[in-house]
Amino acid sequence: MRKIAVDSAPAPSVRFVEIGAEQAGQRIDNFLLRVCKGVPKSHIYKAIRGGEVRVNKGRTSADYRLAAGDQVRIPPLRLPAPGAARPVPPAAFPVVFEDEALVVLDKPAGLAVHGGSGVSFGLIEQLRAARPEARFLELAHRLDRETSGLIMVAKQRKSLLRLHDMMREGGGRKRYQALVVGDWVNDRQHLRQPLYKYLTPSGERRVRVDPGGKPAHTIITLERRFGRYSLLGAELRTGRTHQIRVHLAAAGFPIVADEKYGADEVRQAFARQGLHRMFLHAGSLDIPHPLSGEPLSLRAPLPPECMAILRYLEGSNK
Numbered sequence: 001m002r003k004i005a006v007d008s009a010p011a012p013s014v015r016f017v018e019i020g021a022e023q024a025g026q027r028i029d030n031f032l033l034r035v036c037k038g039v040p041k042s043h044i045y046k047a048i049r050g051g052e053v054r055v056n057k058g059r060t061s062a063d064y065r066l067a068a069g070d071q072v073r074i075p076p077l078r079l080p081a082p083g084a085a086r087p088v089p090p091a092a093f094p095v096v097f098e099d100e101a102l103v104v105l106d107k108p109a110g111l112a113v114h115g116g117s118g119v120s121f122g123l124i125e126q127l128r129a130a131r132p133e134a135r136f137l138e139l140a141h142r143l144d145r146e147t148s149g150l151i152m153v154a155k156q157r158k159s160l161l162r163l164h165d166m167m168r169e170g171g172g173r174k175r176y177q178a179l180v181v182g183d184w185v186n187d188r189q190h191l192r193q194p195l196y197k198y199l200t201p202s203g204e205r206r207v208r209v210d211p212g213g214k215p216a217h218t219i220i221t222l223e224r225r226f227g228r229y230s231l232l233g234a235e236l237r238t239g240r241t242h243q244i245r246v247h248l249a250a251a252g253f254p255i256v257a258d259e260k261y262g263a264d265e266v267r268q269a270f271a272r273q274g275l276h277r278m279f280l281h282a283g284s285l286d287i288p289h290p291l292s293g294e295p296l297s298l299r300a301p302l303p304p305e306c307m308a309i310l311r312y313l314e315g316s317n318k
């Protein structure tokens, strides 16, 4: 008689989790991504939208922040088998600063900070894979995939909450460098256009200047002029999605090699010169330490490919 192989893996079932002090303050989507390792992000968001994920027996939204004592219903999402090989390759990134409260890394361009939107994993998943002994590693903020530079990762719940508070209250300065198309004139200029997030018909996330959008404030300073191009400093006073990119594009000075808000011909021209990324770098961070309050002044130099482009433009203008 022919034998039929039966999958012995247990079927996923509903789970109920009570939130403790360490999980309190986390967004529920981030909590579920940690608890349901290996489940595609799209499945988790679908379960939240469909009301399968519940908090205290009620429906919730992806941006809900958990409180200690909350009862979370986790639907039967299929998880990896116990003991399955870790799907995320571990990776080490240049460490700019680290202590018991946080680690600040220099993120390369082209790497997402987390998985999702067609990306199976990002910096935070690779960092966790490289540090399996770490009990807590959470992004304190985000950087676009094509932006390089300083990214803060909290190593304790209290430091994460304090960093979030500081960023909401404007405590600290994040400064970027951007090479833009156009001859920028003003030494210092405030851009305050409201920004609105939307999806294209293909499902791609975009942002535009719109009176119905959220308030946004970027301070631009001129660093160097190269005729048709300018190197600018950009300081964020709010943290909206694609804020620097959209503010500069709306002002008529799109960032070089920005595939969403810039011109294809510019990106192609700079690719021929060896630049295969957007020229936007988070190079400066001045912020009080989240626990001690001591001032932190952290720097990440422009990557070699960006420095090479500046040398090329400098030579072209002689």
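So that you can map any letter, position 106 of the sequence shown is 106 in the UniProt record's numbering, and since no number is skipped, the others follow by simple counting.
Don't be surprised by glycine CBs; every beta carbon is placed ideally from N, CA and C.
This structure is a prediction, so every number in the text was calculated from the model and none was measured.
Using CA atoms only, rank isn't needed, just tell me which of the options is closest to residue i.
i	options	result
ASP29	LEU161, ASP63 and ARG135	ASP63
ARG228	ILE219, ILE48, ASN317 and LYS174	ASN317
HIS276	TYR261, GLU305 and SER284	GLU305
GLY25	ALA67, PRO40, ARG59 and VAL95	ALA67
HIS190	ALA216, ASP165, LEU199 and LYS197	ALA216
ARG27	ASN56, TYR196, GLY50 and THR60	THR60
GLU125	GLU100, GLU98, PHE93 and ASP99	PHE93
LEU77	HIS289, LEU32 and LEU105	LEU32
VAL119	ARG145, ALA271, ASP99 and PRO211	ARG145
PRO288	LYS57, VAL14 and ARG162	ARG162
SER297	LYS260, ILE44 and GLU98	GLU98
VAL153	GLY252, LYS107, ALA271 and THR218	LYS107
GLN23	ALA263, ILE219 and VAL72	VAL72
VAL185	LEU222, LYS197 and ILE44	LEU222
GLU314	LEU231, ALA269 and VAL209	LEU231
HIS281	ALA21, LEU105 and PRO295	LEU105
LEU143	MET278, TYR45 and PRO40	MET278
ARG15	VAL103, SER42 and LYS57	LYS57
VAL17	ALA250, VAL55 and ALA269	VAL55
LYS260	ALA269, PHE270 and ALA249	ALA249
LEU285	VAL209, VAL103 and TYR312	VAL103
TYR312	ARG272, ARG65 and ILE44	ARG272
ASP165	VAL209, THR218, LYS46 and THR238	THR238
THR218	ALA251, LEU310 and GLN268	ALA251
What residue range does the beta strand (DSSP E) around residue i cover?
i	result
PRO90	It is not in any beta strand (DSSP E) - PRO90 carries neither H nor E in the DSSP assignment.
GLN156	Premise fails: GLN156 is in no beta strand (DSSP E) and is neither H nor E.
VAL180	173-181
HIS281	280-288
GLU18	15-18
LYS197	195-199
GLU100	Taken as a continuous stretch (DSSP letters only), GLU100 belongs to no beta strand (DSSP E), as it is neither H nor E.
ARG49	First-last for ARG49: 41-49, but that is the alpha helix (DSSP H), not the beta strand (DSSP E).
ILE74	71-74
LEU298	295-299
ARG206	205-209
Under the assumption that residue i contacts residue j (Cβ atoms under 8 Å), give the Cβ distance between them as a whole number of angstroms.
i	j	result
LYS214	ARG192	No, LYS214 and ARG192 are not in contact; Cβ-Cβ is about 12 Å, not under 8 Å.
ILE74	VAL53	7 Å
VAL96	ALA300	6 Å
LYS155	LEU137	6 Å
ARG225	ASP183	6 Å
ALA134	PRO90	No, ALA134 and PRO90 are not in contact; Cβ-Cβ is about 12 Å, not under 8 Å.
VAL207	LEU199	With a Cβ gap of about 11 Å, VAL207 and LEU199 do not count as contacting.
ALA308	GLY274	6 Å
ALA140	LEU160	6 Å
LYS174	LEU236	5 Å
GLY69	ILE19	6 Å
LEU291	ALA101	5 Å
GLY115	LYS41	6 Å
Got a sec, what are the start and stop residues for the alpha helix (DSSP H) residue i sits in?
i	result
ILE244	243-250
PRO304	304-316
ILE28	28-35
GLN268	264-271
So with Cβ pairs under 9 Å, would you call residue i a contact of chain C?
i	result
ARG128	Reference to chain C is not applicable here, since this structure consists of a single protein chain.
On the DSSP bridge assignment, give the partners of residue i in chain order.
i	result
GLU235	ARG175 and ILE219
ARG188	THR221
VAL106	According to the sequence displayed, residue 106 carries Asp and not Val. DSSP lists LEU150 as partners of ASP106.
TYR229	VAL181
VAL119	GLY116
LYS214	LEU195
LEU139	VAL153
GLY58	VAL55
ILE255	VAL180
ARG168	DSSP output for ARG168 lists no bridge partner at all.
ARG65	ARG27
Is the closest heavy atom of the ligand ADP to the C-beta of residue i under 8 Å?
i	result
GLY315	For the structure depicted, the ligand ADP is absent and the ligand set is empty, with no information on it obtainable.
Three or more C-beta pairs below 8 Å linking the stretch 256-271 and the stretch 178-188: yes
Inter-stretch contact (C-beta, 8 Å, three-pair minimum) for the stretch 200-208 and the stretch 155-175: no
Contact between the stretch 242-249 and the stretch 106-118 (3+ Cβ pairs under 8 Å): no
Segment contact flag, the stretch 33-52 with the stretch 142-151, C-beta cutoff 8 Å, min 3 pairs: no
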